[in-house]
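Everything on this sheet refers to the single structure shown next.
Numbering (full-length UniProt numbering), first residue to last: 1 to 210.
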C-alpha cells in the first residue's frame, strides 16, 4: 500500500509563536520564518524519501512555504476553506492521489523515512489509526485507509481521535512523535538528530538548542 500525505503549513506570520523566544524578530520574516520553513522542509524531505509515500500535498496559502516544499517534490493546494487546521486537512485529503491518506504534522525535523514507513504499515491494518506525540496528548500522524480522513487535531487530539474510533498505533518511532512547538521540543529533537535544514539553522539561534 502506498499513501498520500497531507501536511498543513500556516502562513509564516501565524506559525510557531511559542518558538519566538528562540528567534525574536518579526514573525513572518528573519530567523523565525527560516526556522518554521526548516522544520517544514525536513518533515517533507523525510516524507518524500519514504518508500510507502506516493504523494505529498501541502495545504498552504504562504508563498514561501509553497516554494520550499515544491522544491522538495511536494505539490501544494491553497487553503480554500480557510477555516482552520482540520478543514484544511480534509480539503487536502480530497485531492489525494491514493485511497490511503494520512495527515502529518509539519514540524517533525527528526523524522526518519523508516519510522514513517513502519507507522504507515501499522496503519494499513486498521481503517483509521493515529500516532500520539511524545507527550501522549497530541497527534503527529492520522492515517485512513479506505475511509474518509476524520481529522480532529488541536488540544487533546489524541483522545479526540481515539474517541472517534481511530486506533492508537504503537511503535519505536521517536522522530515521528517529536513535534516541535517549544524551545524544549527543539532541544529534544536535536538530541535525536534533525534534518539538514534545521541542523544548519541551530548554530544561529540565540541560545543552544541541543
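Glycine included, C-beta positions come from ideal geometry on N, C-alpha and C.
inquiry  = In this structure, how does DSSP classify residue 2 when only helix, strand and coil are distinguished?
reply    = On the chain shown, residue 2 is found 2 positions in, with the first residue counted as 1. Coil at residue 2, not helix or strand.
inquiry  = Between residue 56 and residue 64, how many whole angstroms is the CB-CB distance? I'm expecting something under 8 Å.
reply    = For the purposes of this step, residue 56 is identified with residue 56 of the chain shown, where counting begins at 1. For the purposes of this step, residue 64 is identified with residue 64 of the chain shown, where counting begins at 1. Beta-carbon to beta-carbon, residue 56 and residue 64 are separated by about 17 Å, too far to satisfy the 8 Å threshold.
ask   = Are residue 140 and residue 131 touching if we call contact CB-CB under 8 Å?
value = Here residue 140 refers to the residue found at position 140 of the chain shown. Here residue 131 refers to the residue found at position 131 of the chain shown. In contact: residue 140 and residue 131 (Cβ atoms closer than 8 Å).
key: Range of the contiguous beta strand (DSSP E) that encloses residue 129   = In the chain shown, residue 129 corresponds to position 129, counting from 1. Per DSSP, the unbroken beta strand (DSSP E) holding residue 129 starts and ends at 128-132.
query = For the putative contact between residue 137 and residue 156, defined by C-beta atoms under 8 Å, what is the C-beta separation to the nearest angstrom?
reply = Position 137 of the chain shown holds residue 137. Position 156 of the chain shown holds residue 156. Yes, they are in contact, since the Cβ atoms of residue 137 and residue 156 sit about 6 Å apart, within 8 Å.
key: residue 105 versus residue 116 - alpha carbon distance   = Counting from 1 along the chain shown, the entry for residue 105 is found at position 105. Counting from 1 along the chain shown, the entry for residue 116 is found at position 116. Rounded to the nearest whole angstrom, the CA to CA distance from residue 105 to residue 116 is 12 Å.
inquiry  = Taking 7 Å as the limit between beta carbons, can you name the residues of its chain near residue 90, skipping five residues before and five after?
reply    = Residue numbering aside, residue 90 sits at position 90 when the chain shown is read from its first letter. Excluding the 5 residues flanking it on each side, residue 90 has same chain C-beta neighbours closer than 7 Å at 149 and 151, in chain order.
query = Any idea what DSSP makes of residue 141, helix, strand or coil?
reply = Here residue 141 is taken as the residue at index 141 of the chain shown, counted from 1. Three-state DSSP puts residue 141 in a strand.
inquiry  = Determine whether the beta carbon atoms of residue 129 and residue 118 lie at a separation below 8 Å.
reply    = As a first step, residue 129 is located in the chain shown; it is residue number 129 there, counting from the start. As a first step, residue 118 is located in the chain shown; it is residue number 118 there, counting from the start. No; because the gap between Cβ atoms is not below 8 Å, this pair is not in contact.
task = Would you please state the rounded distance, in angstroms, between the beta carbons of residue 15 and residue 44? I believe it to be under 8 Å.
result = Taking the chain shown and counting its residues from 1, one reaches residue 15 at position 15. Taking the chain shown and counting its residues from 1, one reaches residue 44 at position 44. 15 Å between Cβ atoms; not a contact.
query = Just how far apart, CA to CA, sit residue 162 and residue 168?
reply = For the purposes of this step, residue 162 is taken as residue 162 along the chain shown, with counting starting at 1. For the purposes of this step, residue 168 is taken as residue 168 along the chain shown, with counting starting at 1. Roughly 7 Å separates the two Cα atoms.
task = Return the chain-ordered list of same chain residues with a C-beta closer than 6 Å to the C-beta of residue 204, the five sequence neighbours on each side being excluded.
result = Here residue 204 corresponds to residue number 204 of the chain shown, with the count starting at 1. Closer than 6 Å at Cβ, skipping near neighbours: no residue.
request  = Might you give, ordered along the chain, the residues of its own chain that have their beta carbon closer than 6 Å to the beta carbon of residue 79, omitting 5 neighbours on each side?
outcome  = Within the chain shown, the letter at position 79 stands for residue 79. Excluding sequence neighbours, residue 79 sits near 59, 61 and 88.
message = What would DSSP say about residue 104, mapped onto helix, strand or coil?
response = Translated into the one-based positions of the chain shown, residue 104 becomes position 104. Strand at residue 104.
request  = Using the Cα positions of residue 208 and residue 66, report the straight-line distance between them to the nearest angstrom.
outcome  = Locating residue 208 in the chain shown gives position 208, counting from the first residue. Locating residue 66 in the chain shown gives position 66, counting from the first residue. Reliability of the predicted coordinates at residue 208 is poor, the pLDDT of 45 falling under 50, and the value obtained from them is presented with this limitation in mind. Near 29 Å, if we compare the C-alpha coordinates of residue 66 and residue 208.
message = For residue 19 and residue 1, I'd like the C-alpha separation in whole angstroms.
response = Along the chain shown, one-based indexing puts residue 19 at 19. Along the chain shown, one-based indexing puts residue 1 at 1. Near 36 Å, if we compare the C-alpha coordinates of residue 1 and residue 19.
request  = Indicate the three-state DSSP secondary structure (helix, strand or coil) for residue 194 in the structure shown.
outcome  = Locating residue 194 in the chain shown gives position 194, where the first residue counts as 1. Reduced to three states, the DSSP call for residue 194 is coil.
ask   = Under a three-way DSSP split, which group does residue 60 fall into?
value = One-based indexing of the chain shown puts residue 60 at position 60. Collapsing the DSSP output to three states places residue 60 in a strand.
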